[in-house]
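Notes follow the structure.
There are 6 protein chains.
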Amino acid sequence: MKRLLVTGAAGGLGRVMRARMARFAEIIRVSDIADLGVAAAHEELVTCDLGNSEAVMALVDGCDGILHLGGISVEDKFSKILNANLLGLYNLYEAARAHGMPRILFASSNHTVGFYRQDEHIDATAPMRPDGLYGVSKCFGEALARMYFEKFGQETALVRIGSCMERPLNHRMLSTWMSHDDFEAMIDCIFRAPMLGCPVLWGISNNDSRWWDNSHAAYLGWKPRDNAEKFRAELEATVGRPPASSPLALYQGGMFTKDPIFSEKA
Amino acid sequence: MKRLLVTGAAGGLGRVMRARMARFAEIIRVSDIADLGVAAAHEELVTCDLGNSEAVMALVDGCDGILHLGGISVEDKFSKILNANLLGLYNLYEAARAHGMPRILFASSNHTVGFYRQDEHIDATAPMRPDGLYGVSKCFGEALARMYFEKFGQETALVRIGSCMERPLNHRMLSTWMSHDDFEAMIDCIFRAPMLGCPVLWGISNNDSRWWDNSHAAYLGWKPRDNAEKFRAELEATVGRPPASSPLALYQGGMFTKDPIFSEKA
Amino acid sequence: MKRLLVTGAAGGLGRVMRARMARFAEIIRVSDIADLGVAAAHEELVTCDLGNSEAVMALVDGCDGILHLGGISVEDKFSKILNANLLGLYNLYEAARAHGMPRILFASSNHTVGFYRQDEHIDATAPMRPDGLYGVSKCFGEALARMYFEKFGQETALVRIGSCMERPLNHRMLSTWMSHDDFEAMIDCIFRAPMLGCPVLWGISNNDSRWWDNSHAAYLGWKPRDNAEKFRAELEATVGRPPASSPLALYQGGMFTKDPIFSEKA
Amino acid sequence: MKRLLVTGAAGGLGRVMRARMARFAEIIRVSDIADLGVAAAHEELVTCDLGNSEAVMALVDGCDGILHLGGISVEDKFSKILNANLLGLYNLYEAARAHGMPRILFASSNHTVGFYRQDEHIDATAPMRPDGLYGVSKCFGEALARMYFEKFGQETALVRIGSCMERPLNHRMLSTWMSHDDFEAMIDCIFRAPMLGCPVLWGISNNDSRWWDNSHAAYLGWKPRDNAEKFRAELEATVGRPPASSPLALYQGGMFTKDPIFSEKA
Amino acid sequence: MKRLLVTGAAGGLGRVMRARMARFAEIIRVSDIADLGVAAAHEELVTCDLGNSEAVMALVDGCDGILHLGGISVEDKFSKILNANLLGLYNLYEAARAHGMPRILFASSNHTVGFYRQDEHIDATAPMRPDGLYGVSKCFGEALARMYFEKFGQETALVRIGSCMERPLNHRMLSTWMSHDDFEAMIDCIFRAPMLGCPVLWGISNNDSRWWDNSHAAYLGWKPRDNAEKFRAELEATVGRPPASSPLALYQGGMFTKDPIFSEKA
Amino acid sequence: MKRLLVTGAAGGLGRVMRARMARFAEIIRVSDIADLGVAAAHEELVTCDLGNSEAVMALVDGCDGILHLGGISVEDKFSKILNANLLGLYNLYEAARAHGMPRILFASSNHTVGFYRQDEHIDATAPMRPDGLYGVSKCFGEALARMYFEKFGQETALVRIGSCMERPLNHRMLSTWMSHDDFEAMIDCIFRAPMLGCPVLWGISNNDSRWWDNSHAAYLGWKPRDNAEKFRAELEATVGRPPASSPLALYQGGMFTKDPIFSEKA
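Chains as they are written, first to last, in numbering that gives the first Met the number 0: chain A, 0 to 265; chain B, 0 to 265; chain C, 0 to 265; chain D, 0 to 265; chain E, 0 to 265; chain F, 0 to 265.
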């Protein structure tokens, strides 16, 4: 690619992936609403509120691909989710449509299906069961992307990220963890594929204790190499196991299923 | 019921159903952002912008049931859809949560699945395939309602209305038509059921040429009596059949699959 | 048929069906552990404990068909269920195997699947979810019958009876009711079929509010004519609707899901 | 339609349908390899061997629709099946492709699935299980039609005819019978539909004892009115029931499952 | 765990697993109706007839987990199966309910599905097809465990053991074999899981020639390491392959599908 | 085996496999319509037109197994496909039926399902969607083999070969490639199995980018060892990736979906 846009690049996952993107394009356009620090030689920094349609239009102009990590990524006030994840996503897709429909990797979430029990094994056709306003916003995002695909041909990978971090932090993440290496490899598969379509992808490593089935998307050739299992012993020794009645043990969405809806007043 | 709220009561479908609601509750609270005319003896009229959270909070207060026909019901600028169908729906569910969780009939739409072909037969588990921004907003609404059901116990019927009007207006409506009588009977089933849950219901009469399967929801005892077939001969004589290549003949969403995304500037 | 055996003929359903069996065979062998009253001209009366293998062997001898209504038909002490529904059923199938394998209608029960919710629609392949010891004994019975079918060719209809009585007695029975006429018609279909196999049949009338799908068994040509819906108005006026949180509203098995396991000591 | 081609018009079913086709088009082109008798005012008679590609090319020229009943319709020597049902069908589709792709109703057969048991209920996605060379030729025909649909857009209805005759002749036909009226109504639905696609349709009346599910094709609006059940009493009185071990009682294909493969020498 | 109960510890599999249990709990309560030999330092020996409810009540008292290998494990007289596998299992679950519902691993069997053909690939939702009285008793056990789970919250792993032994003894066991190491690892996964639920697990190693799909239970993190394939060459050299018509080649249950029902008289 | 017949042994794949067959039988009967060169010590050479029934009858006589690679293996004139793949296959199965029903490996093709998109993941039950006359002829072959299995017990493996060659030649073959080693191992599994049945097998190596699911056939113990992924880097460097709109990127059948139907005149 000539130019890859990375949104949400100042966020937790964004910072990690930003550092790994150089090999994917000549120029990495790095964006966030927050401070992005200093640009590397191959980087363009753009501060941008996703809720601002003109800003987003400019942001996307000239890009061949978009790694969309931007937006609110936890439960929050609806006004914030609405601006970044609903209006912001619409702005992004309209901008993409206006600028040649660069391929998009959309960071969706396992919280679109958070109310499935942990003893259920599901695939990408399982009906949505979001566990909060954040999860609902990702259901919206997947529906929007699907519509742009069928109506205009815009390709998107809908990546339902589990827990993409250095290592699992609690017992539930033995199932939901995705290593940074595996995510980087997935990004490669998504942008190299001659034909992407608009698939749902479960963003997890090759964990022994997995709940989600990616076999429908084998055509992309993504084969995660890591396995959260290697952290089990240490994790059980330090963090321990949740009680059987905890949302961390019962639901795929974990604590999100119990998180409150945040008041606008607060 | 003591008091039933009807939103969108100044709209096309809203006016018809308003006139039939007297038997469902002692008081019918009738609401819209547009003019509602004169109140009948059993009616309370409330002008309300669904995007105004305080107004919606007051609107719902004291109601035992909600027939939610309000919001934008065709393709339109995203800013309008966002206010009425995204923010507005959030406001409605927060208000319901604050006021005893009255049962809700949510007017969803067949445009959540508009990109299925007309030679496909689907049921309520078919993955969403919305055909425009309006359809996407209804996907959002269904996801939001589902989340409030699983997280808080709020019951909603997600009624994917086909074409609820006096009679079918074109060939596609031989499949999608729902008579006003059948809709009224459905409303009765939904509010009388001891346990509703959060089902998807296809809002169509007992049409010979149907695409959608309601058998999963037979527990509600709804049995539509009308059949668009009786209009076929006259319809074919006056309106004729669409050409095979027309969206009216190809897609379940009909012309919506080809409607433009409306510019905010226009 | 020359001789049809009816077990459990002194029970509630047994008494009703006994009076309707004359047309099915020249001789009706009527059996129960309880008093059977006076034999009609076409009847043979046999008092029999199903747990007594020799008695059951004699009971079955000479019969061309068996309507097996016998055994415990509600939640009870396990010792009683074990004798009549486990040992008793084994005795019955061994006797049938020894005497030409007369076709059997086995009165199974909806309590094999009582823990499905009332807003679930299931068919005969749904995994078992029994709601008590009685339900478990019927799961055993279906498994036993299936084994005799596959191993020896013994044909059985596994009829999961809903609520076979004069009329629905509570709101749940608007879904589970089967009229006596419809059951009689089903018996006819089962014994007249050239090839029966070993199907599961849901024993319900053509109720609007049904949960169960019999389409897999249409080959038998059974078409129930009655519909519990006609009792709704009167039932709601007299008995009323259960609260949403009642097992009568939540689970297909109704109150059985909450019934205690009876102590052997009591 | 201007001109409808009916092939196989001298066959059993062909003669009956020929007499009912006048209302479907201005001109009915009637064809067979056998004698066709005298032409009615609206008819063109064409004697044609389906295995002759030039003759078939001329036969199709000028037609707006094709009711393809021609070919071998029972088990026969493979050389005959090969000429009429394999080569003949290829000739027909090449001719259609050369002449504007008139819509085709292809008379396929239940013998494509003859080895399913009669206690199995199947739909159009069930894998093929043909019961003889004739059934295999119909599998070929369905595959060929499907290919012309996907590759060129040629629309075909793949009608798996059960037993289309005056009345059921044996017990199995209580399940497989289709009345001539219902077939005529189906032909109307197929040719009137704005968009047909390439569906499989089970050609049976609304028989109580059916094995096949047409719900996927409800979009065509075909609703059979007849029911073989009305013939049961008389049929059982005259023809009787087959023994349980007879192919007539065991397999959907009936005796075809036991028919020999005919020797080329005979 | 503080105390783990192992039933059936004098049986073939019981003896092997007994020797491996020390690491799972401080105290292993070892039980059987047969002689148990000498207790190890960490063991309590209890002779117990599972059919004796008071003895079983005492047996379970004080245990945190139960590895239930007890009962009849091959085809036998029904009276013996009834005592140990039907009454015995009821006694065990009532005792568990009375004593804090310790988690149970129930040794079910592949003979619950023995009549599937070896060229069928099934998962845990496949309807039961038991191959004898023993298999039927395991269907009963699974239904009973499911009921205690749904009604009382009692967790059980329903392990359908294939052939758990030193090495495969015949050709069929290339598919059904489970190594002792893999079973031990499975026991670990079952008792360590924060939330178990009531899953069916196929008890087989990672055999190349497997028939059963465990992917639904991946959440437990069990990953068998052994593979019967390594024994193929030697097995084919010594034992050979069964003829194609042998139950050993045809049915998943192997010879059990042909085993007689044992006479009570013998 | 005593004698294995290899048809199509002068073709591309045939020459490779011929050289590997010595270990499978004492005598390899090698056949083609084209020149077969010089016989090895263990070989019998037979020139044979598959369309000649007497020649095929003699060809099969005395064989214990058949590796049927013969026939037309690309799109061609229908007259040639008809002779070799339709008539020829019938001749082969009639010859097998006359000579003890030796087990057959039938080289079917992925072009039976060529119109599935590359982002679809399918298994052996997916309805046929052939992409040309060649693909249709393989649908015929599978139907014919299935009929001989159900009617006469003739066992066949229906191997839908992807791209069996030295190495992948284009991007699509990263999904469809099967190494010669893996095919040889599959042949071994098919002929060694005590019971084969009539399964569909997808003929691909263990490619990361696969579209097809072979899990239903795990009972044969075939476990491909190669993976086209190792050729990706070089392939992308030399051949490159197809454009997104190319049939090579869109359809499982690749260019076959666009190949013309060859004129008989040419």
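From the three backbone atoms N, C-alpha and C, an ideal C-beta is built for every residue, glycine too.
Helix, strand or coil at valine 115/C [DSSP, three-state]: One-based indexing of the third sequence puts residue 115/C at position 116. Reading off the sequence, residue 115/C comes out as tyrosine, not valine. Residue state, collapsed to three classes: coil.
Sub-7 Å separation of glycine 13/E and leucine 68/E beta-carbons: Position 14 of the fifth sequence, counting from 1, holds the residue named residue 13/E. Position 69 of the fifth sequence, counting from 1, holds the residue named residue 68/E. Contact: yes.
Beta carbon proximity, histidine 98/E to chain A, threshold 7 Å: As a first step, residue 98/E must be located in the fifth sequence, where it is residue number 99. False, the Cβ-Cβ gap to chain A never drops below 7 Å.
Supposed contact pair asparagine 206/B and tryptophan 176/B - C-beta distance, whole angstroms, cut 8 Å: Counting from one through the second sequence, the residue named residue 176/B turns up at place 177. Counting from one through the second sequence, the residue named residue 206/B turns up at place 207. The Cβ separation is near 6 Å, so the contact holds.
From Gly196/A, Pro101/A, Met127/A, Arg19/A, residue whose alpha carbon lies closest to that of leucine 109/A: Here residue 109/A is taken as the residue at index 110 of the first sequence, counted from 1. At residue 109/A the sequence reads asparagine, which differs from the leucine that was named. Of Gly196/A, Pro101/A, Met127/A, Arg19/A, the residue nearest in Cα terms is Met127/A.
Spatial distance of glutamate 263/D from isoleucine 80/D (CA atoms): Within the fourth sequence, numbered from 1, the residue matching residue 263/D stands at position 264. Within the fourth sequence, numbered from 1, the residue matching residue 80/D stands at position 81. Looking at the two C-alpha atoms, the distance is approximately 11 Å.
Cβ neighbours of arginine 19/D in the same chain (closer than 8 Å, five flanking residues each side left out): Reading the fourth sequence from its first residue, position 20 is the one you call residue 19/D. So the list reads His179, Glu183, once near-sequence residues are dropped.
Beta carbon proximity, alanine 216/C to chain E, threshold 7 Å: Position 217 of the third sequence, counted from the start, is the residue given in the question as residue 216/C. Cβ-Cβ to chain E under 7 Å: no for alanine 216/C.
Chain B contact residues for glycine 134/A, given Cβ-Cβ distances below 7 Å: Here residue 134/A refers to the residue found at position 135 of the first sequence. Simply Met146.
Proximity below 7 Å, CB of alanine 227/E to CB of leucine 173/E: Here residue 227/E refers to the residue found at position 228 of the fifth sequence. Here residue 173/E refers to the residue found at position 174 of the fifth sequence. Yes. Within cutoff.
Under the three-state DSSP convention, the category cysteine 163/F falls into: As a first step, residue 163/F must be located in the sixth sequence, where it is residue number 164. In the structure shown, cysteine 163/F sits in a strand (DSSP, three-state: E or B).
Whole beta strand (DSSP E) elements within the region 169-226 of chain D, 3-residue minimum: 199-202
Pair within 7 Å by beta-carbon distance, glycine 161/B and phenylalanine 255/B: Position 162 of the second sequence, counting from 1, holds the residue named residue 161/B. Position 256 of the second sequence, counting from 1, holds the residue named residue 255/B. No; because the gap between Cβ atoms is not below 7 Å, this pair is not in contact.
Of the listed residues Arg224/A, Asp181/A, Arg166/A, nearest to glutamate 233/A (C-alpha basis): Translated into positions along the first sequence, residue 233/A becomes position 234. Answer by Cα proximity: Arg166/A.
Short CB-CB distance (under 7 Å) between tyrosine 89/B and chain G: Among the protein chains in the structure shown, which are A, B, C, D, E and F, there is no chain G.
Interface partners of threonine 175/F on chain D, CB under 7 Å: Translated into the one-based positions of the sixth sequence, residue 175/F becomes position 176. Correct list: empty, because the minimum Cβ distance to chain D is about 19 Å.
Residue-level contact to chain D via CB, proline 198/F, 7 Å cutoff: Working through the sixth sequence from its first residue, we reach residue 198/F at position 199. No, no contact with chain D.
Residue range of the beta strand (DSSP E) that includes phenylalanine 105/E: As a position in the fifth sequence, residue 105/E is number 106, starting the count at 1. Looking at the DSSP string, the run of the beta strand (DSSP E) that includes phenylalanine 105/E is 102-108.
Counted within 10 angstroms of its Cβ, other Cβ atoms place glycine 7/A as buried (16 or more) or exposed: Translated into positions along the first sequence, residue 7/A becomes position 8. Classification for glycine 7/A: buried.
Chain D contact for arginine 191/B (CB, 7 Å cutoff): What you label residue 191/B is simply residue 192 of the second sequence in a count that begins at 1. No, arginine 191/B does not count as interfacial toward chain D.
Proximity test, Cβ basis, 7 Å: alanine 248/B and chain D: Here residue 248/B refers to the residue found at position 249 of the second sequence. Taking Cβ atoms only, chain D reaches closer than 7 Å to alanine 248/B, which makes this a yes.
Chain A contact for lysine 1/E (CB, 7 Å cutoff): For the purposes of this step, residue 1/E is taken as the residue at position 2 of the fifth sequence. It does not: the Cβ of lysine 1/E has no partner Cβ on chain A nearer than 7 Å.
Proximal chain D residues relative to phenylalanine 182/F, where beta-carbon distance stays under 7 Å: As a working mapping, residue 182/F is identified with position 183 in the sixth sequence. Under the 7 Å cutoff, chain D gives no residues; its nearest Cβ is about 24 Å from phenylalanine 182/F.
Proximity below 7 Å, CB of histidine 98/B to CB of aspartate 60/B: Locating residue 98/B in the second sequence gives position 99, counting from the first residue. Locating residue 60/B in the second sequence gives position 61, counting from the first residue. Yes, the Cβ-Cβ distance between histidine 98/B and aspartate 60/B is below 7 Å.
Own chain partners of leucine 132/B with C-beta closer than 7 Å, once the 5 adjacent residues on each side are dropped: By 1-based counting over the second sequence, the position of residue 132/B is 133. Only Glu74, Phe77, Ile80, Ile260 meet the Cβ criterion.
Backbone secondary structure at valine 29/E - three-state DSSP: Your numbering for residue 29/E matches position 30 in the fifth sequence. The answer is strand: DSSP assigns valine 29/E an E or B state.
Same chain only: Cβ atoms within 7 Å of glycine 253/A, ignoring 5 sequence neighbours per side: In the first sequence, residue 253/A corresponds to position 254, counting from 1. Cβ within range, chain order: Arg171, Pro246, Leu247.
Under 7 Å between C-beta atoms of leucine 49/D and alanine 9/D: Start at 1 with the first residue of the fourth sequence, and residue 49/D comes out as number 50. Start at 1 with the first residue of the fourth sequence, and residue 9/D comes out as number 10. The answer is no: Cβ separation not under 7 Å.
Spatial distance of arginine 2/D from glutamate 141/D (CA atoms): The residue you call residue 2/D lines up with position 3 of the fourth sequence. The residue you call residue 141/D lines up with position 142 of the fourth sequence. So the two alpha carbons sit approximately 24 Å from each other.
Test: threonine 155/A CB closer than 7 Å to a CB of chain B: Taking the first residue of the first sequence as 1, we reach residue 155/A at position 156. Closer than 7 Å: no.
Inter-residue Cα distance where the pair is phenylalanine 105/F and isoleucine 65/F: In the sixth sequence, counting from the first residue as 1, residue 105/F sits at position 106. In the sixth sequence, counting from the first residue as 1, residue 65/F sits at position 66. Roughly 8 Å between the two C-alpha positions.
Beta carbon proximity, lysine 229/D to chain B, threshold 7 Å: Translated into the one-based positions of the fourth sequence, residue 229/D becomes position 230. It does not; no Cβ of chain B falls within 7 Å.
Phenylalanine 151/A, buried or exposed, once every other Cβ within 10 Å from all chains shown has been counted against 16: The residue labelled residue 151/A in the question sits at position 152 within the first sequence. Phenylalanine 151/A should be labelled exposed.
Residues bridged to leucine 3/F (per DSSP): As a first step, residue 3/F must be located in the sixth sequence, where it is residue number 4. Beta-bridge pairing links leucine 3/F to Ile27/F, Gly64/F.
CA nearest to the CA of isoleucine 203/D, picked from Met194/D, Asp187/D, Pro223/D: The sequence position of residue 203/D within the fourth sequence is 204, counting from 1. Per the Cα distances, Pro223/D.
Under 9 Å by beta carbon: chain E residues contacting glycine 64/F: Stepping through the sixth sequence from its first residue, residue 64/F is reached at position 65. The premise fails here: glycine 64/F is roughly 13 Å from chain E at the closest Cβ pair, so nothing lies under 9 Å.
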